[in-house]
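For the sequence shown, our numbering assigns the number 116 to the initial residue and increments by one for each residue that follows.
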Amino acid sequence: MIAVEELTQQLFRMEEAKYKVEQEQHQLNQMEELFIEHTYQKDRLFHEIQETWKFGEMANQSNECVLQLKQQQQLIMSDIAQAREETQSTYQKVEEQIDSIQRQRKKAWEDEMTP
Numbered sequence: 116m117i118a119v120e121e122l123t124q125q126l127f128r129m130e131e132a133k134y135k136v137e138q139e140q141h142q143l144n145q146m147e148e149l150f151i152e153h154t155y156q157k158d159r160l161f162h163e164i165q166e167t168w169k170f171g172e173m174a175n176q177s178n179e180c181v182l183q184l185k186q187q188q189q190l191i192m193s194d195i196a197q198a199r200e201e202t203q204s205t206y207q208k209v210e211e212q213i214d215s216i217q218r219q220r221k222k223a224w225e226d227e228m229t230p
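Structure representation (C-alpha cells):
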C-alpha cells in the first residue's frame, strides 16, 4: 500500500501539471483573441483597398490576396481549435488522475487510522 505522504506528493505534482495546462489554455485563448482582432483589422484594410480599386489589375490582385489570406486564416483557426482540443483532453486526463490519487489517499489514510 502506498503511504499517504507519497500520495500527497503525487497529488501536489498533478496539481502543478493541472496549473500548467490551465496556463496553456489561457495563452491559447489570448492568442485566438489577438488573431481575431488582427483578422478584423485585415478585413477592414482590404475592404478599403477593394473600394479604391474596383476594376483592373489591382482589383484582381487584391481579390486574390483576400482569398489567400482567408485560406491561411482558416488553417490557423483550425490549428487553434486542434490545440484547444488537445489541451482540453490533457486537462481532463490530469483531472481524472487527481481524482484517482485523492481516492487512493483517502483509502490509505482510512487504512492507517484503522487498527
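Glycine is no exception: its CB is placed at the ideal position from the N, C-alpha and C atoms.
- Item | Range of the contiguous alpha helix (DSSP H) that encloses I216 | Taking the sequence shown and counting its residues from 1, one reaches residue 216 at position 101. Element bounds for I216: 172 to 228.
- Rounded straight-line distance, which links the Cα of V181 to that of Q138: Counted from its first residue, the sequence shown places residue 138 at position 23. Counted from its first residue, the sequence shown places residue 181 at position 66. The alpha-carbon atoms of Q138 and V181 are separated by roughly 34 Å.
- When we look at the beta-carbon of L149 and count the other beta-carbons within 10 Å, is it buried (16 or more) or exposed? Numbered from 1 along the sequence shown, position 34 holds the residue referred to as residue 149. Exposed is the call here.
- Return the chain-ordered list of same chain residues with a C-beta closer than 7 Å to the C-beta of Q212, the five sequence neighbours on each side being excluded. Residue numbering aside, residue 212 sits at position 97 when the sequence shown is read from its first letter. Same-chain partners within the cutoff: M129.
- Task: Compute the minimum distance between the beta carbon of K135 and the heavy atoms of the ligand PLP, and state whether it is under 7 Å.
- Result: This structure does not include the ligand PLP; it has no bound ligands of any sort.
- Message: Assuming the contact rule is C-beta atoms closer than 8 Å, L126 and R218 should be a hit. Round their C-beta distance to whole Å, please.
- Response: Position 11 of the sequence shown holds residue 126. Position 103 of the sequence shown holds residue 218. Contact flag wrong, Cβ pair sits at about 11 Å.
- State the Cα-Cα distance for the pair Q140 and T154, rounded to the nearest angstrom. One-based indexing of the sequence shown puts residue 140 at position 25. One-based indexing of the sequence shown puts residue 154 at position 39. Between Q140 and T154, the C-alpha separation is close to 21 Å.
- Message: Between which residues of its own chain and T202 is the CB-CB distance below 8 Å, once the five residues before and five after are set aside?
- Response: Translated into positions along the sequence shown, residue 202 becomes position 87. Here the set comprises V136, E139, Q140, L143.
- Task: Please go through the same chain and pick out, in chain order, the residues whose beta-carbon is closer than 8 Å to the beta-carbon of L122, but skip the five residues on each side of it.
- Result: On the sequence shown, position 7 is the one that residue 122 refers to. Here the set comprises I216, Q219, R220, A223.
- Express the C-alpha separation of F170 and L160 in angstroms, rounding to a whole number. For the purposes of this step, residue 160 is taken as residue 45 along the sequence shown, with counting starting at 1. For the purposes of this step, residue 170 is taken as residue 55 along the sequence shown, with counting starting at 1. C-alpha separation (whole angstroms): 17 Å.
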